[in-house]
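A.B. asks: Next up is a structure, given as structure tokens.
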Amino acid sequence: MYDATQWLVDRANIHDVVIAMLLYADIKQTEKIASDVFAEQISVDYTSILGGEPYTISGGEQAAMWKAMQVDFDALQHTTLSPLIDLGQPNAAEPPSTASVLVNTGVTLVRDAAEGGPILQIGGRYELELTRTSLEGCNPWRISKMKAVNIWMNGNKNVMIKQDDFETPKA
Numbered sequence: 044m045y046d047a048t049q050w051l052v053d054r055a056n057i058h059d060v061v062i063a064m065l066l067y068a069d070i071k072q073t074e075k076i077a078s079d080v081f082a083e084q085i086s087v088d089y090t091s092i093l094g095g096e097p098y099t100i101s102g103g104e105q106a107a108m109w110k111a112m113q114v115d116f117d118a119l120q121h122t123t124l125s126p127l128i129d130l131g132q133p134n135a136a137e138p139p140s141t142a143s144v145l146v147n148t149g150v151t152l153v154r155d156a157a158e159g160g161p162i163l164q165i166g167g168r169y170e171l172e173l174t175r176t177s178l179e180g181c182n183p184w185r186i187s188k189m190k191a192v193n194i195w196m197n198g199n200k201n202v203m204i205k206q207d208d209f210e211t212p213k214a
């Protein structure tokens, strides 16, 4: 039986994974994103911000891509607000194997050398799916699907890495 206590622990663990994803990006701990946040395989969709196509990649490779992007920024800071976790309700026969999360996010990117100004701000949300892993003795939840939804953008788009500097993997 999946009881209320385990349900609350799962919600707290899912919340921590969601917050950790962008906080670890800001403090440039992409190795922790690879080990503690992303699933072995992750479906990624940044089309509303970067164009291109959605793709599936290993969690380690996605974290490495973020690390490669970070070197061009003089500063970056994400905000993570109001994660809404859909985990179902307790008292099910079995614990859920997946959960979905909607979370409002924003990011300020700074690249002092960008032509046209150093700052870009983006506001939007992530639509996430998390999968329960079989890991024991640690948070078992990992992000297995990530879709960024752009709601607004303000500032200089030249702050972002140019498409020829950073290629999105093919689907």
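The numbering of the sequence shown is the numbering used here, which starts it at 44 and goes up by one. Ideal Cβ positions, reconstructed from N, Cα and C, are used throughout, including at glycine. Because the structure is a prediction, the values reported are computed rather than measured.
If I follow the unbroken alpha helix (DSSP H) through L178, where does it start and stop?
C.D. replies: Working through the sequence shown from its first residue, we reach residue 178 at position 135. Neither: L178 is in no alpha helix (DSSP H) and is coded neither H nor E.
A.B. asks: What number of angstroms, rounded off, separates the C-alpha of S78 from the C-alpha of L127?
C.D. replies: Within the sequence shown, the letter at position 35 stands for residue 78. Within the sequence shown, the letter at position 84 stands for residue 127. Approximately 24 angstroms between the Cα atoms of the pair.
A.B. asks: Give the DSSP-derived three-state secondary structure of Q132 in the structure shown.
C.D. replies: On the sequence shown, position 89 is the one that residue 132 refers to. Q132: coil per DSSP, three-state reduction.
A.B. asks: Going by the beta-carbon positions, is the gap between Y45 and P138 smaller than 7 angstroms?
C.D. replies: Within the sequence shown, numbered from 1, the residue matching residue 45 stands at position 2. Within the sequence shown, numbered from 1, the residue matching residue 138 stands at position 95. The answer is yes: Cβ separation under 7 angstroms.
A.B. asks: Can you give me the C-alpha to C-alpha distance between T48 and L130, rounded to a whole angstrom?
C.D. replies: By one-based count along the sequence shown, residue 48 stands at place 5. By one-based count along the sequence shown, residue 130 stands at place 87. So the two alpha carbons sit approximately 13 angstroms from each other.
A.B. asks: Flag this pair as touching only if the stretch 142-149 and the stretch 94-111 have three or more C-beta atom pairs under 8 angstroms; answer yes or no.
C.D. replies: No, they do not touch.
A.B. asks: From the DSSP output, in three-state form, read off K200 for me.
C.D. replies: By 1-based counting over the sequence shown, the position of residue 200 is 157. Looking at K200 - three-state DSSP - the assignment turns out to be helix.
A.B. asks: In chain order, what residues of the same chain lie with their CB nearer than 7 angstroms to the CB of N147, ignoring the 5 residues before and after it?
C.D. replies: Position 104 of the sequence shown, counting from 1, holds the residue named residue 147. Taken in chain order, the residues that qualify are L124, S125, R168.
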